Amino acid sequence: MGKQPALGVCYYPEHWPEALWAQDAAEMVAAGISYVRIAEFSWIKMEPEPGQYEFGWLDKAIDILGQAGLKVILCTPTATPPKWLLDQMPDMIAIDEEGRPRGYGSRRHYSFSHRGYRAACETITEILAKRYGTNPYVAAWQTDNEYGCHDTALSWCESARDHFRLWLAKRYGTIEALNEAWGTIFWSMSYRHFDEIELPNLTVTEANPSHNMDFRRFATDEIVSFDRAQTDILRRHSPYPISHNFMGDFNQFDARAVASHLDIAAWDSYPIGFLQNLQDKARRDPKLEADCYRVGDPDFQAFHHDLYRAMGRLWIIEQQPGPVNWAAYNPIPAEGAVRLWSWEAIAHDAELVSYFRWRQAPFAQEQMHAGLKYRNNDDAPGMAEAQQLAQDLSGLKLDATTQAPIALIHDYEADWMTELDGQSRDFYYLRLLLDVYRAIRENGGSVDVVGPDADFSGYQLICAPSLMTMSDALMDRLIASGAHILAGPRTGLKTDDFQLPPELTQSSLAEATGFTTQRVDALPAHLPQPLSYEGEEGAFSVWREAGQMSGLGQGQSHDGLPVLVHGNQASYLCGWPDAKTLRHILSDMMQKSGLTPIAMPPYLRVRARGKHLIFTHYGPEPVTIPEAFTGKVILGDRQMAQTDVTILEI
Amino acid sequence: MGKQPALGVCYYPEHWPEALWAQDAAEMVAAGISYVRIAEFSWIKMEPEPGQYEFGWLDKAIDILGQAGLKVILCTPTATPPKWLLDQMPDMIAIDEEGRPRGYGSRRHYSFSHRGYRAACETITEILAKRYGTNPYVAAWQTDNEYGCHDTALSWCESARDHFRLWLAKRYGTIEALNEAWGTIFWSMSYRHFDEIELPNLTVTEANPSHNMDFRRFATDEIVSFDRAQTDILRRHSPYPISHNFMGDFNQFDARAVASHLDIAAWDSYPIGFLQNLQDKARRDPKLEADCYRVGDPDFQAFHHDLYRAMGRLWIIEQQPGPVNWAAYNPIPAEGAVRLWSWEAIAHDAELVSYFRWRQAPFAQEQMHAGLKYRNNDDAPGMAEAQQLAQDLSGLKLDATTQAPIALIHDYEADWMTELDGQSRDFYYLRLLLDVYRAIRENGGSVDVVGPDADFSGYQLICAPSLMTMSDALMDRLIASGAHILAGPRTGLKTDDFQLPPELTQSSLAEATGFTTQRVDALPAHLPQPLSYEGEEGAFSVWREAGQMSGLGQGQSHDGLPVLVHGNQASYLCGWPDAKTLRHILSDMMQKSGLTPIAMPPYLRVRARGKHLIFTHYGPEPVTIPEAFTGKVILGDRQMAQTDVTILEI
Amino acid sequence: MGKQPALGVCYYPEHWPEALWAQDAAEMVAAGISYVRIAEFSWIKMEPEPGQYEFGWLDKAIDILGQAGLKVILCTPTATPPKWLLDQMPDMIAIDEEGRPRGYGSRRHYSFSHRGYRAACETITEILAKRYGTNPYVAAWQTDNEYGCHDTALSWCESARDHFRLWLAKRYGTIEALNEAWGTIFWSMSYRHFDEIELPNLTVTEANPSHNMDFRRFATDEIVSFDRAQTDILRRHSPYPISHNFMGDFNQFDARAVASHLDIAAWDSYPIGFLQNLQDKARRDPKLEADCYRVGDPDFQAFHHDLYRAMGRLWIIEQQPGPVNWAAYNPIPAEGAVRLWSWEAIAHDAELVSYFRWRQAPFAQEQMHAGLKYRNNDDAPGMAEAQQLAQDLSGLKLDATTQAPIALIHDYEADWMTELDGQSRDFYYLRLLLDVYRAIRENGGSVDVVGPDADFSGYQLICAPSLMTMSDALMDRLIASGAHILAGPRTGLKTDDFQLPPELTQSSLAEATGFTTQRVDALPAHLPQPLSYEGEEGAFSVWREAGQMSGLGQGQSHDGLPVLVHGNQASYLCGWPDAKTLRHILSDMMQKSGLTPIAMPPYLRVRARGKHLIFTHYGPEPVTIPEAFTGKVILGDRQMAQTDVTILEI
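If you're matching them up, the sequences are chains E, L and A in order.
Residues in the first sequence are numbered consecutively from 1096, following the numbering used here.
Residues in the second sequence are numbered consecutively from 1096, following the numbering used here.
Residues in the third sequence are numbered consecutively from 1096, following the numbering used here.
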């Protein structure tokens, strides 16, 4: 941590005449850009006919970019196999959940489980690795592009079915063990052999959740091995670090598992499109939507920065530079938003903020996606903001980011379980985590988003909402950290096999919090349940839990159910509160943990980076940084308007 | 009628260690339970390998339960064929309306039309019938489980197509007769042979409604013969009565036809899930939804009790015991709701109220479905309510249920026709019937829900809303009963072939009511049409009719269309009124029929069982039983809070 | 133009006993009807067995109708091939976008690309053409019926794929040219041969828009050649004019291309169903929906009359005569609405208003679709309105319709491009055009709706909203017309290949308007953006554009973006305004063009037909014709209630 941040850009030499490359490179450098990512969709250009390779163009592009002073991030092109490869092995295509072969004509048209396609990927990767593995202008690798995008993590094809059976045989050893773990006796679903097991799609009613859960685990393992095949080759031939670009609001595979063999956890940040999509999914918030329509959710990007930062060196490899094309609606960002987003990333320790893309493409699927430059080579508004950022940075030496005092546990398996366990169609795991994250930020807190395998030492408060499985071992580790634990709602309700724990809630959690969940009250968002908490009125919606209480209750629902239950070192939140109540609760929990909450003005956020406090403002109304934050202004001003950035040195 | 009600429970010995069975049985008996239903999903346990039968476990379970004093309801296991059977004949799987084979991994994965699967079902049924047909602990049978659940009544497979062609050939004799009945000349759809006829799915625009209608009739006949094959075998080997468990808000086949060869018409009652689902379907009522969220619609269960009671001895074989898992939202029932629902069933002559299930399963698809006991064997709140019910009953000798003074005609064919005839997407047959049923209950009335083939003698008022075909013979029978008839809206508008009657409305209906429908005004629920009726303002929504009036009009729509038209012994309701107007109309119709309506407080309901009046209260506000109801309180109190039950003896 | 309008009716002799035909014919004549359309769905009656023709019934029907004095419009029966033909060549069935073969049992069950089916169509057409080509009672032909209805313009079958490849090879010559035009390099989609190209359905994410665009063009060409094969045969054997019946709110193929070889552009006008469907699609207007629920949108029919009038002699071959059956809701039309709609058609130069249908069919799919007569042969209310219309017309000699002073450019390619280019899911091309059309009508204007290839001379104002491609040549022709041009929003943003123009906006457009679009602000309808225009407050919603302005701005959005930009002879509208602002803008533009806007009372409309001004009133409140309209009342009255029609002679 503490590396000074750099700017980058995504560039497609294959889209433009060679004559333009040198000029583009020079302009990038002039704009303060030092990294350039290339080639992730260029397989047909590298291998226009089967086995006939053409790398002259790529040699030249790398030379030109490198000689201009840019560091190249080179990608394997496996997200877009050529048509001729698909025609050679038509069964490499993924099958969708409805049982339909997915069509050719866009991208990601392959199944991770098809071994023939894997072999082809290894071949092209090896050729690239050998050719450019020690090229001095190359600085890093990216494997493939956005694994899982467009619902491609899961394929319901025969390759997947066959490998799933092998995976199950390996996981369970005997079919009896699988029958036991899945509870197949329930509907006479017991299997005699692993070869009787089908994929869990198109079933008459929902498939066994353990069956679904294992299929998701299998899909992650398939992506891990697919990616690992590439990184193994790259590492054999190249010393450069390897990245992959993950996505926001995405749960189809466990990114932590993939990142474990990568150096850099990159992600693609598109604040505005994500705002709209998330609103469509759960607990719509019309005021936030209207207030932040052109800046994005004030916590969504920060949350993901913290999420991926815990998986490796953090890169924003694709940063939205202006209006895009793929969301339901695609507005123009507010003036200053591109710089604001960039600073938010840097505040969270991004080493690289790289804009997608240099120049707007005039053709094909993303022609309405902005670049830093218009299609006619004029600068688009994002360019000036990137340049401003470069200028901001040039005078600064930012402190290293240090561990936050608060941890929020995020778990892909918990996410899958909440989805598969249903109960309320308005429950959305990411939204719940984001609400907790937001409540901490509204109290001026900084957060690390970590997996359940993290080292918890040094934290003062650890939040674990909807961590569906909370093993005794994990609970022991949490307690051992000395932090205060805030669990719930929906924490510890399942075993690893997706069964109910014998004692309803996992027992060491119940012991620590003084609360055992017995029944869940799964509600529509439109029927909130009033509560009172410390003299203020609020409401739970979507989710409540009823159970046995041995701890100390705080607050009450209208019908007497507790809001919070406190054990010695852990508390349990018994439902999903409205934003105001949750803010109040997190303030109390921070105080209980020895932290000092500071009430932030609406939509103002702060992130500590050592002695530097980086303030970002997302709201339509001007605000003033609270006096509790002392220190010297080294960028911006204590009075802040929408999209303003201010840095205090304390 | 008049049999004293018993309590039961659904139990799955195959889910639990044998060591627990005796204790479970003893606890059931202690709780006041006398019936236990078992084995409906246990085929794989009975026949773990093709042709290798294992019944030791079942022998033992029946022995243990029976020796504890419980009466066993034994099920055929045909709702969940083992995977090995499907692998033996893969074409036994149903094909969904989209043309996709349905997947394995849940339940009901078979087509009723596959003769190979039928043979397999007959074999296992015969083995069970022979083994347990005279077992003294067995008291009754259940065939299969919830026919049609998860859209399984119809299969679009080749077996269905082939048998549909044979069925049509039998129904029509000649292809010319079919062409005439269907009006195939309309779009050049005339057939030359029965083998040219396809199933009516995936057509370019909607298929011929007569074609669809016959496919639905065929599907019912397939289920009847499928079920009949089992009951014939059971009756050959066993003297015990036979039941099947039907469902609520379900119209995919004609339950009356299936029940005609059964002894017991059981159904599965889940008040809360049905409330939500029905709200999603038609004419949303947000106040009722909010007021009754934790108790269910005050009339939905009662309606279904009356519906199935007319088909055989009434059992509630699965009664919701707490929160469930399968609805869009799954809240915790209000305290007392389980007892309330049980009493509502008993008020409607249920001989058995059996809870689903004894203990919450810790695994598989329904692990979030409550039982009377928690997974850890503690009592869940439903247990105390069941015990309370047992205690309520122990001191009572309830009068026999007698025929109600009012009949409401329900007809599956009418339901299919309203659906296939479209016109307004907000029209929902069951909801219309429920609205009429509710309006009678709000006037203190008791109702029998009967089919069009019922014996109508003894009724004073007969309601026939949306009875799409009203033959002259039926009309004659209705008139002959001496009752007053309330027809409409949408009554008598089709012939049995799904054509328009020559005189627009079936003629004896028009003669009796003094109204001939000429045009229908099919509207969205959001554009209500104001009306005035007896000095009060109201509205029709979704449906109105315009026509020729020879009878006496009462009330008027804003544009002059009549609200009600009265002939001598019959009246026609010319649209679908709001709840208040409908209540007013039914009050008037009851008076016209010589009955005495009593205005009930909101959400209070009453059902007469001989001299016993059983009051159930669903509303959030306390109410007092109206003074018009005299008699001695033998249970509860005249002041009633939500979920209270009171019985008056008159 | 200026032909006196006639009345017609659609008749199905094959649905009724021969004994009724003569009486029906006599009654038609008595009602003032002179045209009768027949036989479009009667293939099975003409050819009941393969190769066995039966025309006796048709000979007789034509004789009876003709001898009664009616002119017969005879149809080719190719919209409903018999089942035996499908069984002969099962691959003639269309495949839907989901990859499913469409089922038999309704109509339009064929792919336009299947050459075997085409041959069968040519055979039956030739037989009809030879037999009736010079029959004195036949007056005109109709080919097939409603091409494209029920999503049948596109088929995703192998025939379509194979012919699409040939079509592409012909269009592009070389695969390199296609790769260039489509920008296939974007996602490694470059093709080596035309045979590598698939249809653009079921792709992982959206297919290349140029790929989709060419598939739509191909589909139009397939329909053109399918239709042309029939018209070539008809013209060889018959001197009578040929029509096809197009539809409303329909964009799946380019009707202008089909109409180019026809004589008559007929369309089927169902005002009420279209109102509901359009409300469901874009920018819902609840007040208009409620006010016009029983009369239809006051501009929708007029717009389509103007649209099709520009393609040939205008016929309304199917005019809604009462409530229909196919919309989501199907209300009864207001009294007088049938006459009102007929007059609106005549006001727009319809030579024929023909009602669908004579008598309500008692069977099959459309039994709830009204006719002029009820099923029992009584007159339905539409009959009296048709007779009233005949009487209205008998005393009148209407002036010829002359060119309107205002042109609105409508382009099918622009429609496809807006749909394929996405950006805001609330953008709907037809609705935008209708809004502009409405704003002109609200200012008392008359409009011609023309294609981009029209002769623009004589217009004073030409509007080109969302004309996505605006070539320099077209812009030159527009300028040369001398008219004032109102372009935008979303005009000139694409090349013909569906790429961005090099200079962002097509350059001569930018030069003429003084505005170059750089970024689009694509918004949800529920987040309107305030603007002020000439002292009045309004809003843009769904769409705004930001760019470079060299012209004169008028009005401003809240954030400074212009509302209108004026160049010398052209103006650019920079967003989609609310109705009031748009009315104001069009008033200003009319004045700028030397026209005199007249503010019309709500829902009152006028259309000039030479010296005859025909007023139609759609609103629920009575209105008075503004005094600015002088002249003698020759029909109706200056005071007008809903559905009234008034004609002034000036």
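We treat Cβ as the ideally placed atom computed from N, Cα and C, and that holds for glycine.
In this text, all values refer to a predicted model and were calculated from it rather than measured experimentally.
Between A1459 of chain A and K1468 of chain A, the C-beta gap is not smaller than 8 Å, which leaves the two residues out of contact.
At a cut-off of 8 Å between C-beta atoms, L1527 of chain A does not count as an interface residue with respect to chain E. In the three-state scheme derived from DSSP, where H, G and I count as helix and E and B as strand, A1674 of chain A is classed as helix. The C-beta of F1635 of chain L comes no closer than 8 Å to any C-beta of chain A. The secondary-structure analysis by DSSP pairs N1425 of chain L across a beta bridge with E:A1617. Contact of H1245 of chain L with chain E is assigned, a C-beta pair being separated by under 8 Å.
About 17 Å separates the Cβ atoms of R1585 of chain L and S1602 of chain L, ruling out a contact at the 8 Å cut-off. Taking 8 Å as the upper bound on Cβ-Cβ separation, chain E lies near residues W1277, G1278, T1279, I1280, F1281, W1282, S1283 and M1284 of the stretch 1263-1284 of chain A. Here DSSP, grouped into helix, strand and coil, assigns W1251 of chain L to coil. Interface annotation for the stretch 1285-1308 of chain E against chain L: S1285, Y1286, R1287, E1291, E1293, L1294, P1295, N1296, L1297, T1298, V1299, T1300, E1301, A1302, N1303, P1304, S1305 and H1306, criterion Cβ-Cβ distance under 8 Å.
Excluding five sequence positions before and after A1605 of chain A, the CB atoms of its chain that fall closer than 6 Å to its own CB belong to T1611, given in chain order. If the five residues before and after F1551 of chain A are omitted, its C-beta is found closer than 7 Å to the C-beta atoms of A1502, I1557, R1572, L1573, S1576 and A1578, all from its own chain and listed in chain order. If you draw a straight line from the Cα of P1500 of chain L to the Cα of R1536 of chain L, it comes to about 12 Å. Counting other Cβ atoms within 10 Å of its Cβ, S1636 of chain E reaches 16 or more and is therefore classed as buried. Inter-segment contact for the stretch 1358-1367 of chain A and the stretch 1402-1419 of chain A is present: three or more beta-carbon pairs are separated by less than 8 Å. Judged by DSSP secondary structure, M1478 of chain A falls within the alpha helix (DSSP H) whose first and last residues are P1476 to S1489.
Around the beta carbon of N1663 of chain E, a 10 Å sphere encloses fewer than 16 other beta carbons of the protein chains shown; the residue is thus reported as exposed. Counting C-beta pairs with one atom in each stretch, the stretch 1368-1382 of chain E and the stretch 1515-1527 of chain E have three or more that are closer than 8 Å, which means they touch. Taking a contact to require three or more Cβ pairs closer than 8 Å, the stretch 1135-1142 of chain A and the stretch 1176-1193 of chain A qualify as touching. In the three-state DSSP reduction, C1558 of chain A falls in the strand class (E or B). With a threshold of 8 Å between beta carbons, V1615 of chain E makes contact with chain L. Of all residues in the stretch 1194-1224 of chain A, the ones placed with a Cβ closer than 8 Å to any Cβ belonging to chain L are R1195, P1196, R1197, G1198, Y1199, G1200, S1201, R1202, R1203 and H1204, in chain order. Ranked by Cα distance from Y1507 of chain A, the first of A:M1308, A:H1400 and A:Y1532 is A:M1308. For A1534 of chain E against L1681 of chain E, the beta-carbon gap comes to about 4 Å, under 8 Å, which counts as contact. Annotated as distal: A1234 of chain E and V1319 of chain E, with beta-carbon spacing of 8 Å or more. The contact set of I1139 of chain E on chain A, defined by CB atoms closer than 7 Å, consists of S1283 and S1285 in chain order. In the three-state reduction of the DSSP assignment, T1298 of chain A falls in the strand class, which pools E and B. Among the CB atoms of chain L, none fall inside 8 Å of the CB of E1135 of chain E. Using a Cβ-Cβ distance cut-off of 8 Å, the stretch 1651-1665 of chain E and the stretch 1508-1517 of chain E are not in contact, since fewer than three pairs of beta carbons, one from each stretch, lie closer than that value. Annotation for M1644 of chain L: no alpha helix (DSSP H) segment contains it, though the beta strand (DSSP E) segment containing it runs E1631 to M1644.
Contact of R1312 of chain L with chain A by beta-carbon distance below 7 Å is absent, the smallest such distance being about 17 Å.
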